[in-house]
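Residue numbers (my numbering), protein chains in the order written: chain A, 1 to 190; chain B, 1001 to 1190. One structure below.
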DNA sequence: ACCTGAACACCGTTCAAGT
DNA sequence: ACCTGAACACCGTTCAAGT
């Protein structure tokens, strides 16, 4: 009893999981909480901000790989972590992309890998561009993958033969190899 | 006098340029054409399809580099061509991304570079993943760039210091280097 | 064949008024 | 402080009816 920001975000994520992003409307969130739609606006300034809070909640679950591994492994591991978390939420890629574009997100999803690359000796612009590219490849491929899944669920067996799932991982690997080639080389041992 | 598919697409693109993607609604397109909103549905099955037609129109302007240049230069040139065309239309990256996700587009934007890579000796999955990654990096970075521009126009000088414009180009270069490393090497001279 | 008029079932957001 | 009720200004889409 009594609305709260976390409660609203939780309800929104429930709807996201059960019905998809298109069904996350202020009115449906309010309905889920048995409250009038206008009531939400006392806790959250607008829908865009609610979406940003949802995105932050999801991105907050991406763990940074521990153990002092070599940069290449670290980046691969991190990318797959991100991929796994995003795959566990329906329409998450579209959600995160929209929030990223809006600039309202409170979580910088590429802060960790960018820092790692800088520590590994990459110039800041290279680290920024590389992590950005990595994120875009993950999000872009996943948007397609998830929306295709959505369509398939509606019985629309799309014309395209579905992106083979390994393509995402291969795209990730290409970007990682590109950036590794720019790293100062430290002799193999350790 | 008399609606037509091309006329509808042209009107929609005019609105896109003048007011942005959010203002491209069936009702506003109809209003521009001095016609009732329902009339559009005789020429176009739904809004998604209209968006796909707009995207096709834009992507159709991307010229493939001519002259038998080396793969690296070809890919760089193609990427910048794509970038230039997309930058010439407001909100084009968001539009193309949405259409790509919907699977309704009639133009495959990466057909040309994929073919080139295959001819250069790349295995098909590598060529597909690489061109896909290239497209995602371009679209992803541009979505951010264009939406930031949109916000700036509304006087909202965003908190973030704006993505420095060179980051897009650097991301492109990284992906290209990654794929070039996988190409069978032909000795330097021609 | 092609378009109008009007409706249906929604949206996000605002805001007086209540408690 | 927090929520209701009701409105405002929109959406995409459908469809009888006209021409």
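Just so it is clear, CB atoms sit at the ideal spot from N, CA and C, and this is done for glycine as well. Keep in mind the model is a prediction, meaning the values are calculated, not measured.
Check                                                                                                                                                                                 : Outcome
So, is residue 1192 of chain B buried or exposed, given that buried needs 16 or more other C-beta atoms within 10 angstroms?                                                          : Because chain B spans 1001 through 1190 in this model, residue 1192 of chain B falls outside it and cannot be assessed.
If you drop the 5 nearest sequence neighbours on each side, which residues of the same chain put their C-beta closer than 7 Å to that of residue 139 of chain A?                      : 93, 96, 97
Quick one: using the 10 Å Cβ neighbour count with 16 as the cut-off for buried, is residue 89 of chain A buried or exposed?                                                           : buried
Could you please give the first and the last residue of the uninterrupted alpha helix (DSSP H) stretch that includes residue 125 of chain A?                                          : 124-153
Answer yes or no: do residue 141 of chain A and residue 171 of chain A have a C-beta to C-beta separation smaller than 8 Å?                                                           : yes
Quick one: measure Cβ to Cβ for residue 120 of chain A and residue 71 of chain A, integer angstroms, because I've assumed they're closer than 8 Å.                                    : 5 Å
What are the uninterrupted segments assigned as beta strand (DSSP E) that are 3 or more residues long and contained completely in the stretch 42-95 of chain A, given in chain order? : none
Counting only beta-carbon separations shorter than 8 Å, does residue 1080 of chain B have a partner in chain A?                                                                       : no
Beta carbons nearer than 9 Å to chain A: which residues of the stretch 1109-1131 of chain B have them?                                                                                : 1125, 1126, 1128, 1129, 1130
Does the Cβ-Cβ distance between residue 151 of chain A and residue 1038 of chain B come in under 8 Å?                                                                                 : no
Mind listing which residues of the stretch 63-91 of chain A have their C-beta closer than 7 Å to chain B's C-betas, in chain order?                                                   : none
If we call anything under 8 Å between Cβ atoms a contact, is residue 74 of chain A one with residue 135 of chain A?                                                                   : no
Could you please tell me which residues of the stretch 1165-1181 of chain B, in chain order, have their CB closer than 7 Å to any CB of chain A?                                      : 1167, 1170, 1171, 1174, 1175, 1177, 1178, 1179, 1181
DSSP three-state call for residue 1173 of chain B: helix, strand or coil?                                                                                                             : helix
Express the C-alpha separation of residue 78 of chain A and residue 1190 of chain B in angstroms, rounding to a whole number.                                                         : Because the pLDDT of residue 1190 of chain B is 39, which lies under 50, any placement of that residue in the model is unreliable, and the number read from its coordinates should be weighed accordingly. Roughly 40 Å separates the two Cα atoms.
Which one of B:1036, B:1054, B:1042 has the shortest CA to CA distance from residue 1016 of chain B?                                                                                  : B:1054
In the DSSP assignment, find the unbroken alpha helix (DSSP H) run with residue 7 of chain A in it and report its ends.                                                               : 5-19
Taking the Cβ atom as the reference point for each residue, do residue 191 of chain A and residue 91 of chain A lie within a distance shorter than 8 Å?                               : Absent from the model: residue 191 of chain A. The displayed extent of chain A is 1 to 190, so no value can be given.
Let me know the secondary structure DSSP gives residue 1120 of chain B once reduced to three states.                                                                                  : coil
If you measure beta-carbon to beta-carbon, which residues of the stretch 1019-1037 of chain B are closer than 9 Å to chain A?                                                         : none
DSSP state of residue 32 of chain A, grouped into three classes?                                                                                                                      : helix
For residue 137 of chain A and chain B, any beta-carbon pair shorter than 8 Å?                                                                                                        : yes
DSSP state of residue 108 of chain A, grouped into three classes?                                                                                                                     : coil
Is residue 179 of chain A helix, strand or coil by DSSP?                                                                                                                              : helix
Does DSSP put residue 1113 of chain B in a helix, a strand or coil?                                                                                                                   : helix
For residue 1099 of chain B, which of helix, strand or coil comes out of DSSP?                                                                                                        : helix
Using a cut-off of 7 Å between C-beta atoms, extract the partners of residue 1133 of chain B located in chain A.                                                                      : 137, 171, 174, 175
Secondary structure at residue 1166 of chain B, three-state DSSP: helix, strand or coil?                                                                                              : helix
What whole-angstrom Cβ distance do residue 44 of chain A and residue 5 of chain A have, given they're in contact under 8 Å?                                                           : 7 Å
Thinking residue 52 of chain A and residue 99 of chain A are a contact (beta carbons under 8 Å), I'd like their distance in whole angstroms, please.                                  : 5 Å
Closer than 8 Å between beta carbons: that is the criterion. Which residues of the stretch 90-104 of chain A meet it against chain B?                                                 : 94, 97, 100, 101, 102, 103
Shorter than 8 Å from the beta carbon of residue 1016 of chain B to some beta carbon of chain A?                                                                                      : no
Considering only residues of the same chain and omitting the five flanking positions on each side of residue 1059 of chain B, which have a CB-CB separation below 6 Å?                : 1107, 1109
Please report whether the beta-carbon of residue 5 of chain A lies at a distance below 8 Å from any beta-carbon of chain B.                                                           : no
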